[in-house]
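Taking it in order: structure first as structure tokens, then the write-up.
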Amino acid sequence: MAQKKYERIALGGIHTYSITTRDNKVNIRDHFARVPEAGMSFADFYAGLPRLLGADSLRGVVDAVVAAREKGRPVVLAMGGHVIKCGLQPVLKKLIEVGAITAVAMNGSATIHDFEVSLVGATSEDVGAVLHSGDFGFSEETGGGMNQALADGLPKGYGFGEAIGRRIIEANHPFKEYSLLAACVENDIPVTVHVAIGTDIIHQHPKMDGAVTGEMSYRDFRLLTSVVADLGDGGVWLNVGSAVLLPEVFLKALSIAQNLGHHVDNFSTANFDMTQHYRPLQNVVKRPTSGGGKGYTLTGHHEINIPLFAMAVLDRLAGKG
């Protein structure tokens, strides 16, 4: 069979139309940013952000949080360890103190970094520098102190988060004002910790007791599930910097709540992270809100996005936005 030969297509017969008749997704009236001015207020700066994409997602999350608190609905912060290492405890503590965040869930690494900051005002060792010497993760104060706090909290009925938070307060750690765990205990809001055995440096310590750690984290899972069961009709779940563990915990807690007949619908979720990973997108943003509600994604550095989000919420709660 002979190969078909092609010639360059002629464009002379193409029909065009006027741009003035076309629908556009972006226009200067509704979407463009306002010109920033030196010395302008935050409220004016925030109002001047472009009305599209990430800026509108930020507005959506802020609106959801403010609406949730006005209705008395919960706002849950679920966070990974990198959030602590970005130095955001003072920002998040402020949101707790004004009632904008009503519950906190952490993975094990966030708890460790929070504990170390409260104790010595610093955290995050140089793993590469000490791994081959066999010293990585073996600080006595961290491993011994946290495992002992868990063991002491077990007969008192505490969960993982409350046990560590109370130990920070009762031991009067020198920098306890920077601890989110302590802030949650002091403000009497749920603080839960969800661990996978073998993932955290305190699991390397001789005082580590798998039965204690498992029971304390399991208590927190049940407490968090109770909070999740109350998210319906306007609550908010914020996943900040946890790519795997907390999105999975959230999905299971939500499944239990639905199974028990709580019918958690019409709430908002958001995933803040530098990269949008599969599990947060599916288990936080999309699946939980598919039956009613709204999911948001905000991509970028925590040390920029979280203070921006927090200031917007604080301004709105103060009636300035």
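Numbered per our numbering, the sequence shown spans residues 554 to 874. Glycine is no exception: its CB is placed at the ideal position from the N, C-alpha and C atoms.
Inset, instruction - Quick one: measure Cβ to Cβ for G607 and T852, integer angstroms, because I've assumed they're closer than 8 Å. - result: The residue labelled residue 607 in the question sits at position 54 within the sequence shown. The residue labelled residue 852 in the question sits at position 299 within the sequence shown. That pair is a contact at about 7 Å.
Legend entry - Pairwise C-alpha distance: L684 and D868: In the sequence shown, residue 868 corresponds to position 315, counting from 1. In the sequence shown, residue 684 corresponds to position 131, counting from 1. Their backbone Cα atoms lie some 45 Å apart in a straight line.
Inset, instruction - Identify every residue that forms a DSSP beta bridge with V534. - result: Residue 534 lies beyond the residue range present for the chain, which begins at 554 and ends at 874; the question has no answer from this structure.
Inset, instruction - Return the residue from the list V837, G787, Y559, R832 that minimises the CA-CA distance to L807. - result: By 1-based counting over the sequence shown, the position of residue 807 is 254. Checked all of V837, G787, Y559, R832; the closest Cα to L807 is V837.
Legend entry - Same chain, Cβ closer than 6 Å to D667, neighbours up to 5 away in sequence not counted: Sequence index remark: in the sequence shown, residue 667 carries index 114 (1-based). Same-chain partners within the cutoff: I637, S732, L733, L734.
Inset, instruction - Check whether the stretch 653-672 touches the stretch 814-831, counting contact only when three or more Cβ pairs, one atom from each stretch, lie closer than 8 Å. - result: no
Inset, instruction - Can you grab the Cα-Cα spacing for the pair G848 / P860, in whole Å? - result: Looking up residue 848 in the sequence shown gives position 295. Looking up residue 860 in the sequence shown gives position 307. Roughly 20 Å between the two C-alpha positions.
Inset, instruction - Measure the alpha-carbon distance for A591 versus E693 and round it to whole angstroms. - result: By one-based count along the sequence shown, residue 591 stands at place 38. By one-based count along the sequence shown, residue 693 stands at place 140. CA-CA distance, A591 to E693, rounds to 50 Å.
Legend entry - Residue closest to I750, alpha-carbon to alpha-carbon, out of I581, H815, N660: Sequence index remark: in the sequence shown, residue 750 carries index 197 (1-based). When each option's Cα is compared against that of I750, the closest is N660.
Inset, instruction - Please check the pair A736 and A782, which I expect to be a contact at CB under 8 Å, by giving their CB distance rounded to whole angstroms. - result: In the sequence shown, counting from the first residue as 1, residue 736 sits at position 183. In the sequence shown, counting from the first residue as 1, residue 782 sits at position 229. With a Cβ gap of about 24 Å, A736 and A782 do not count as contacting.
Legend entry - S671 and T850 closer than 8 Å at C-beta: The count along the sequence shown starts at 1 and reaches residue 671 at position 118. The count along the sequence shown starts at 1 and reaches residue 850 at position 297. It is not a contact, given that the beta carbons lie outside the stated cut-off.
Legend entry - Contiguous beta strand (DSSP E) assignments of at least 3 residues, all confined to the stretch 764-844: The stretch 764-844 contains these whole beta strand (DSSP E) runs: 789-793, 820-826.
Legend entry - Pick from G566, Q556, Q642, P627 that is closest to A863, judged by C-alpha positions: As a working note, residue 863 is residue 310 in the sequence shown. Here the closest residue by C-alpha is Q642.
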